[in-house]
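Using this note's numbering, the letters of the sequence shown correspond one by one to residues 171 to 594.
The beta-carbon is built from N, C-alpha and C at its ideal position, and this holds for glycine as well.
Everything on this sheet refers to the single structure shown next.
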Amino acid sequence: MHSQAHTGSYYAATVNAPTDYPPLDGDQRTDVCIIGAGFTGISTGLFLAERGYQVCIVEANKVGWGASGRNGGQLIHGIPGEKVIARKLGKDIEEVFGELRWAGHAIIRERVEKYSIDCDLKFGYLDVASKPRHLRAFEIDQRRLQAARFPHELRLLNAADTAELVGSDVYVGGLVNMGNGHLHPLNLCIGEARAAESLGAKIHEQTPAERIVHGPKPQVVTASGTITADAVVLAGNAYHLLENKLRGSMFPVNSYIIATEPLADDVVARLNPRDLAICDQNFAVQYFRMSADKRLLFGGRASYFGHDPDVIKRSHVPKMLKIYPQLQGARIDYAWGGTIGVPVNRVPQLGRTGDNVYYCQGYSGHGVNTTHLAGRIMADAVAGTLEHFDMFANVRPVIVPGAYRLRRPLVSLAMLYYRLRDRL
Ligand SMILES: Cc1cc2nc3c(=O)[nH]c(=O)nc-3n(C[C@H](O)[C@H](O)[C@H](O)COP(=O)(O)OP(=O)(O)OC[C@H]3O[C@@H](n4cnc5c(N)ncnc54)[C@H](O)[C@@H]3O)c2cc1C
């Protein structure tokens with residue numbers, strides 16, 4: 171296992187202050203050892219450190235190296251798979267989840283204020299509809315949120331009003347939601363890591379966990395030392411290097427983003443006058459927004475599995491130009507990708523591989539919010555409060571034999587199937 175530097179993303183290029191935590195050296199003892207320093211691991215670690223636990227986080231590469239430092243930065247409410255859980259319990263989503271659907275937003279907002287994290291957090295979101303059936307889904311969402319006394323602007327738009335906000339007439343309508351938003355995910359993740367460190371958490375980068383010795387005091391073994399803990403939390407998500415069983419229960423799906431050069435103010439004023447994060451409703455989803463320095467960040471899925479920036483540009487530029495032909499000729503400064511863990515039933519997977527070894531993974535494309543909630547749930551679980559943990563843990567993951575080994579052909583097939591469905 172060789173440690174890697176950050177991918178060539180816009181985020182890595184604009185990080186406030188790069189991290190340089192020392193690799194583990196020798197044997198340590200701690201209350202909780204966390205494996206993986208993405209949002210799941212860091213959020214869990216920060217909650218535990220705030221509650222006075224000794225925490226040690228080992229990261230194979232860099233803080234925020236995985237999906238957490240590469241994503242679209244779209245802060246979206248709701249929990250993937252919530253419908254599955256609500257249906258299982260025979261209740262409405264709001265009844266089961268209520269504030270939990272927004273908990274990640276509140277956690278992020280509080281941390282940004284409390285720890286002065288500079289991560290371009292901004293509220294404002296627009297779901298766009300490519301088809302009338304998407305609009306019908308927006309109406310249901312709007313009714314549900316209004317019934318729950320949603321405190322922010324929530325407005326259905328017709329095609330003309332949507333075009334005003336998107337600077338493009340390719341959509342049939344939209345739903346403005348000023349409770350959702352966008353942010354610089356790598357700066358958030360690093361800011362939270364520094365907050366945890368300020369409360370005594372130890373972080374070791376370039377320290378892949380190689381195995382776990384289970385027992386009353388589980389031990390995390392790395393090439394340069396061991397950590398013995400009362401509890402271990404596995405937070406490697408789609409980049410998991412351990413525990414084959416966990417890798418096989420979700421599909422690793424890649425998503426890719428391009429970033430244009432900074433655009434002129436008058437262009438930005440036409441493309442996105444309210445500075446909203448925008449997302450369509452297709453399975454092969456497209457999402458885009460302006461960065462703080464006025465680049466268009468344009469993302470979408472692909473069945474490609476590599477990381478060649480030229481291939482990513484060739485795939486994404488034509489898609490971007492279909493929406494924004496006026497960007498023909500705009501320079502593309504960055505192109506990168508990352509891997510999302512997608513469980514078959516979409517329900518985030520929280521559970522244990524031993525009495526005191528927990529895991530938490532599989533948020534599909536909705537991880538910015540959900541990982542922060544997950545951090546709170548995992549910290550509660552370690553402290554002995556299992557109510558929310560059990561709600562997820564009681565849903566059995568759907569296991570597809572060979573899901574990890576055969577991931578490329580299976581994901582390519584699934585992408586093809588859903589692309590066809592998107593056309594209907
Ligand atoms: C391109 C892209 C766009 C996305 N856009 C959005 C979006 O706009 N909004 C949204 O809500 N979600 C989005 N997502 C999803 C979201 O980013 C993820 O759900 C979330 O970041 C997962 O966080 P995590 O901490 O669980 O995993 P990760 O961030 O992937 O972190 C896992 C970490 O564990 C480490 N690790 C793994 N194994 C070991 C080991 N054995 N030892 C030590 N370390 C280990 C890895 O190096 C990695 O750093 C997107 C994802 C991608 C890839």
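C-alpha distance - residue i paired with residue j, whole-angstrom precision
i    : j    : result
L497 : I547 : 43 Å
F217 : G545 : 7 Å
R417 : Y191 : 27 Å
A219 : G274 : 18 Å
G476 : A317 : 44 Å
G294 : H322 : 10 Å
F308 : I246 : 14 Å
L586 : A366 : 42 Å
N564 : G521 : 9 Å
Y533 : R566 : 15 Å
R325 : R271 : 19 Å
G524 : V568 : 20 Å
V340 : A330 : 10 Å
T332 : L590 : 25 Å
F468 : L441 : 13 Å
W529 : E334 : In the sequence as presented, Trp is not what sits at residue 529; that position holds Tyr. Cα to Cα, the separation comes out at about 44 Å.
Short Cβ contact (8 Å threshold) for residue i with residue j
i    : j    : result
H352 : P193 : no
C424 : G206 : The sequence shown places Asn at residue 424, rather than the Cys named in the question. In this structure, G206 does not lie closer than 8 Å to N424 by Cβ.
A472 : S485 : yes
Q456 : K483 : no
N539 : A401 : no
V346 : D450 : no
S338 : Y494 : yes
I277 : H558 : no
G248 : H536 : yes
V487 : I397 : no
P513 : S419 : yes
L356 : V185 : yes
L358 : I287 : yes
V233 : A371 : no
Min CB distance residue i to chain D below 8 Å
i    : result
A365 : No chain D is part of this structure, which consists of one protein chain only.
Residue i: CB within 7 Å of a non-hydrogen atom of ligand 3
i    : result
A230 : Although ligand 3 was asked about, the structure shown includes only ligand 1 as ligands.
Neighbourhood of residue i by C-beta, 7 Å cutoff - its chain only, sequence neighbours within 5 removed
i    : result
E431 : R465, A500, R501, D503
T214 : I204, V403, A405, G545, M548, A549
M561 : I255
A393 : E380
L315 : L324
Nonlocal neighbours in the same chain, by C-beta distance under 6 Å from residue i, ignoring five residues either side
i    : result
G208 : G236, S238
A505 : I428, P479, I482, K483
A183 : none
T509 : A408, P422, N424
Close Cβ partners of residue i (< 8 Å) along its chain, the five nearest in sequence each way excluded
i    : result
L580 : F421, V570, G572, A573
Length-filtered (3 minimum) beta strand (DSSP E) runs lying within the segment 408–442
420–430
Return the chain-ordered ranges of every alpha helix (DSSP H) run that is complete within the segment 189–241 and spans a minimum of 4 residues.
209–220
Mind pulling the alpha helix (DSSP H) runs of 4 or more residues that sit fully within the segment 264–327?
270–284, 302–317
My parser needs the alpha helix (DSSP H) runs of 4 or more residues fully inside the segment 338–418; what are they?
355–368, 414–417
Please give me, in chain order, every unbroken run of the beta strand (DSSP E) with length at least 3 that falls completely inside the segment 447–496.
447–449, 456–460, 466–471
Counting only runs of 4+ residues fully inside the segment 520–588, write out the alpha helix (DSSP H) ranges in chain order.
537–552, 557–563
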